[in-house]
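Visitor: Right, I'll just put the structure down here and ask away after.
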Amino acid sequence: MTGVLLIIAALLGLAVGSFLNVVVWRLPRAESLSRPPSACPRCGARIRARDNVPVLSWLVLRGRCRDCHAPISPRYPLVELTTAVLFVVVAWWQADKAVTSAAGLVFLVTILYLVAVSVALALIDIEHHRLPDAIVLPSIAVAAILLAVVAGASGEWHMWVRAMLGAFVLCVAYFLMLVAYPRGMGFGDVKLAALLGLYLGWQGWGAVLVGGFGAFLLGGLYSVVLLVLRRVKRTSGIPFGPWMLLGTWAGIVAGQQAWSAYLRVFD
Numbered sequence: 010m011t012g013v014l015l016i017i018a019a020l021l022g023l024a025v026g027s028f029l030n031v032v033v034w035r036l037p038r039a040e041s042l043s044r045p046p047s048a049c050p051r052c053g054a055r056i057r058a059r060d061n062v063p064v065l066s067w068l069v070l071r072g073r074c075r076d077c078h079a080p081i082s083p084r085y086p087l088v089e090l091t092t093a094v095l096f097v098v099v100a101w102w103q104a105d106k107a108v109t110s111a112a113g114l115v116f117l118v119t120i121l122y123l124v125a126v127s128v129a130l131a132l133i134d135i136e137h138h139r140l141p142d143a144i145v146l147p148s149i150a151v152a153a154i155l156l157a158v159v160a161g162a163s164g165e166w167h168m169w170v171r172a173m174l175g176a177f178v179l180c181v182a183y184f185l186m187l188v189a190y191p192r193g194m195g196f197g198d199v200k201l202a203a204l205l206g207l208y209l210g211w212q213g214w215g216a217v218l219v220g221g222f223g224a225f226l227l228g229g230l231y232s233v234v235l236l237v238l239r240r241v242k243r244t245s246g247i248p249f250g251p252w253m254l255l256g257t258w259a260g261i262v263a264g265q266q267a268w269s270a271y272l273r274v275f276d
């Protein structure tokens with residue numbers, strides 16, 4: 010069953026990655042995600058179904074449009090492949106629970122949803138310095154509903170309540186930081202904090218602390234490296250969304266364990 014789950018995760022990741030390419034390109038430009046159909050930006054030729062197979066089509070076409078031979082950015086297969094790999098890794102991490110209980114399977118869907126959202130938001134924030142409400146706000150509702158389903162299937166409603174509190178606490182913390190230092194972050198970060206707080210709170214308060222602190226630690230280290238290399242100035246800003254997402258994933262995967270180990274030092 011685990012092998013079947015991983016194969017399904019890989020295929021689903023490729024399909025989701027292909028859709029994320031559309032989201033990352035069109036959403037910041039206020040374009041419809043469904044219309045018009047995908048086409049070559051140079052010659053306008055509509056992309057055929059056989060040329061829209063994730064990764065494989067790009068390889069067959071050798072990275073060029075079938076009609077005008079204009080180069081196709083390697084970002085497209087890279088996003089598809091990266092999403093598939095992340096889906097497989099997360100599915101492997103949750104495989105034991107996902108194949109033995111309904112709650113575990115729904116939680117896997119919930120965490121895979123965060124993978125997809127993370128890829129889309131990170132790419133958009135890096136390129137456009139934006140965290141679109143069209144992704145963040147619906148995701149808060151979707152994550153809250155999915156986690157409620159997990160809580161209902163497992164009977165662990167205290168975890169859902171903690172997730173709601175985690176969202177509130179992290180959102181308020183980011184809002185206070187925005188008020189104190191408005192040049193340091195934007196409202197997009199505050200809204201994203203609510204989404205990430207749901208997932209961290211579900212894991213535990215240690216995950217909330219580690220995930221929240223991890224964002225600033227990773228982002229700070231990256232900024233120091235850029236300053237040392239003279240790639241940015243002290244007054245330059247960097248997209249903070251990707252670091253919030255990385256910190257959250259660190260908190261989800263190892264936050265509770267890291268916090269417990271930290272507390273044992275003082276026992």
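Residue numbering for the sequence shown follows our numbering, starting at 10 and increasing by one per position.
Positions of the beta carbon are idealized from the N, C-alpha and C atoms, including for glycine.
Fair warning: this is a prediction, and the values are worked out from it, not measured in the lab.
1) Tell whether a beta-carbon distance below 8 angstroms holds between V145 and L207.
2) Measure from the alpha carbon of A100 to the alpha carbon of each residue in V88, L90, G113 and E89, then state which is nearest.
3) Kindly give me the distance between the Cβ atoms of M173 and A160, rounded to whole angstroms, as I take these residues to be in contact under 8 angstroms.
4) Looking at C-alpha atoms only, which residue of G229, N30, L227 and V181 is the closest neighbour of V126?
5) Out of curiosity, what's the CA-to-CA distance linking Y271 and G193?
6) If you scan the region 162-222 from start to end, which runs of the alpha helix (DSSP H) of 4 or more residues do you find wholly inside it?
7) Leaving out the 5 sequence neighbours to the left and right, which residues in its chain are closer than 7 angstroms to P251 when beta-carbon positions are compared?
8) How long is the line joining the alpha carbons of A203 and W258, rounded to whole angstroms?
9) Whose C-beta lies closer than 8 angstroms to the C-beta of H54 among residues of the same chain, with five residues either side of it excluded?
10) Under the rule that 16 or more other beta-carbon atoms within 10 Å means buried, what is I81, buried or exposed?
11) So what does DSSP say about A54, is it helix, strand or coil?
12) I'd like to know whether the C-beta atoms of I247 and G228 end up nearer to each other than 8 angstroms.
13) Cutting at 8 angstroms between CB atoms, please list the residues of its own chain near R84, excluding the five before and the five after it.
14) Over what stretch of residues does the alpha helix (DSSP H) that includes G26 continue unbroken?
15) Give the straight-line distance between the Cα atoms of F225 and I149, rounded to the nearest whole angstrom.
16) In chain order, what residues of the same chain lie with their CB nearer than 8 angstroms to the CB of V118, ignoring the 5 residues before and after it?
17) What span of residues does the alpha helix (DSSP H) with S82 cover, start to end?
18) What span of residues does the alpha helix (DSSP H) with A39 cover, start to end?
19) I'd like to check one pair, R240 with G210: are the Cβ atoms closer than 8 angstroms?
20) Kindly indicate the opening and closing residues of the alpha helix (DSSP H) around T109.
Guide: So, to answer that:
1) no
2) Relative to A100, the option among V88, L90, G113 and E89 whose CA is nearest is G113.
3) Not quite, the Cβ-Cβ distance comes to about 11 angstroms (not below 8 angstroms), so this is no contact.
4) N30
5) 29 angstroms
6) Those alpha helix (DSSP H) runs which fall completely within the region 162-222 and span 4+ residues are 166-189 and 196-212.
7) A131, D134 and I135
8) W258 has its alpha-carbon roughly 15 angstroms from the corresponding atom of A203.
9) Note that residue 54 corresponds to Ala in the displayed sequence, not to His. So the list reads A48, C74, R75, D76 and C77, once near-sequence residues are dropped.
10) buried
11) coil
12) yes
13) N30.
14) Its alpha helix (DSSP H) spans residues T11 to R35.
15) 22 angstroms
16) L155
17) Taken as a continuous stretch (DSSP letters only), S82 belongs to no alpha helix (DSSP H), as it is neither H nor E.
18) That residue, A39, is in no alpha helix (DSSP H); it is neither H nor E in DSSP.
19) no
20) If you look at T109, you'll find it isn't in any alpha helix (DSSP H); DSSP assigns it neither H nor E.
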